[in-house]
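*Asks:*
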Amino acid sequence: MGLAVDAGIGDNAVGVAAHTIQPRVTMIAFIEGTLLSGGTEAVVAVGGFGLEVHVSALCAGDLPPCGQQVRLWTHAVIREDGWFLYGFLDPEERSMFRLLISVSGVGPKVAMGMLSRARAGDLARYLRTGDEKALGALPGIGKKSAARLVVELGQRVPQGGAVAGAGATASSLRPSGPMGEAMAVLGAMGLPAVAAEQALRRSREGNPDLEADLQAWIRAALKHI
10 MGLAVDAGIG DNAVGVAAHT IQPRVTMIAF IEGTLLSGGT EAVVAVGGFG LEVHVSALCA
70 GDLPPCGQQV RLWTHAVIRE DGWFLYGFLD PEERSMFRLL ISVSGVGPKV AMGMLSRARA
130 GDLARYLRTG DEKALGALPG IGKKSAARLV VELGQRVPQG GAVAGAGATA SSLRPSGPMG
190 EAMAVLGAMG LPAVAAEQAL RRSREGNPDL EADLQAWIRA ALKHI
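Residue numbers (this note's numbering): 10 to 234.
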């Protein structure tokens, strides 16, 4: 049986799903807090704690500036030598990470290396089309590993690119209605999607009058950027 808990801590939130059936372990679904330091070993302040989260090089480049809010979807790995938290800016990247580590011989380090060189959508295309050359060029993946990845994972990546059975993707979780329209406008202004969504969500807190006014959404969001 499983217990799913969404616990708020101060102005930040940690989503926790606890599983009692082995080999599943307690897992932090996501963390949301202030980014204290970037890089591939990012530190996020959440409820008085500083959590170290391992992210891919591409993800590190997409993180907001230090001092700003960030949400990272996470995957926890508990081993005898420690507890490691891997972070992703969207559920699609995390789903690809989980898909990769389901293959024998591909551990978290190799999977993160792959995601440091190629986006989740690119990896999905390589797997779906059987592009062993592109896969084999990624760090930690040789010719044999590339062939095994295609055989084991190729059919699990549908034409849309999302990972089969991996849950919702980033696009399915994006805001809709006026908030979604405001997010699109902010994106057209050059603001990264993650930063735009964070600014819009902060704008909505305690301000229900925004719900039907697109211009108000945009003005409020710009104050949080």
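Positions of the beta carbon are idealized from the N, C-alpha and C atoms, including for glycine.
Being a predicted model, the structure only gives us computed values, none of them experimental.
(1) Answer yes or no: do residue 67 and residue 40 have a C-beta to C-beta separation smaller than 8 Å?
(2) Just to confirm the assignment, what range does the beta strand (DSSP E) spanning residue 83 have?
(3) Which term fits residue 110, buried or exposed, when burial requires 16 or more other beta carbons within 10 angstroms of its beta carbon?
(4) Keeping to the same chain, check which residues put their C-beta closer than 7 Å to that of residue 120; ignore five residues upstream and five downstream.
(5) Nearest by alpha-carbon distance to residue 147: which of 50, 127, 139 and 89 is it?
(6) Run through DSSP, which three-state label would residue 229 get?
(7) How would you call residue 87, buried or exposed, if buried means at least 16 neighbouring beta carbons within 10 angstroms?
(8) Check whether the Cβ atoms of residue 102 and residue 81 lie closer than 8 Å to each other.
(9) Could you check if residue 85 is buried or exposed, using at least 16 other CB atoms within 10 Å of its CB as the buried criterion?
*Replies:* Checking against the coordinates, here is how it stands:
(1) In the sequence shown, residue 67 corresponds to position 58, counting from 1. In the sequence shown, residue 40 corresponds to position 31, counting from 1. Between residue 67 and residue 40, the CB-CB gap reaches or exceeds 8 Å.
(2) Translated into the one-based positions of the sequence shown, residue 83 becomes position 74. The continuous beta strand (DSSP E) containing residue 83 extends over residues 78-88.
(3) Locating residue 110 in the sequence shown gives position 101, counting from the first residue. Buried.
(4) What you label residue 120 is simply residue 111 of the sequence shown in a count that begins at 1. Only 106, 109 and 110 meet the Cβ criterion.
(5) In the sequence shown, residue 147 corresponds to position 138, counting from 1. The residue with the shortest Cα to Cα distance from residue 147 is 127.
(6) The residue given as residue 229 occupies position 220 in the sequence shown. Three-state DSSP puts residue 229 in a helix.
(7) Position 78 of the sequence shown, counted from the first residue, corresponds to residue 87. The residue in question, residue 87, is exposed, as its Cβ has fewer than 16 Cβ neighbours within 10 Å.
(8) In the sequence shown, counting from the first residue as 1, residue 102 sits at position 93. In the sequence shown, counting from the first residue as 1, residue 81 sits at position 72. No. Outside cutoff.
(9) The count along the sequence shown starts at 1 and reaches residue 85 at position 76. Counting Cβ neighbours within 10 Å, residue 85 comes out exposed, since fewer than 16 surround it.
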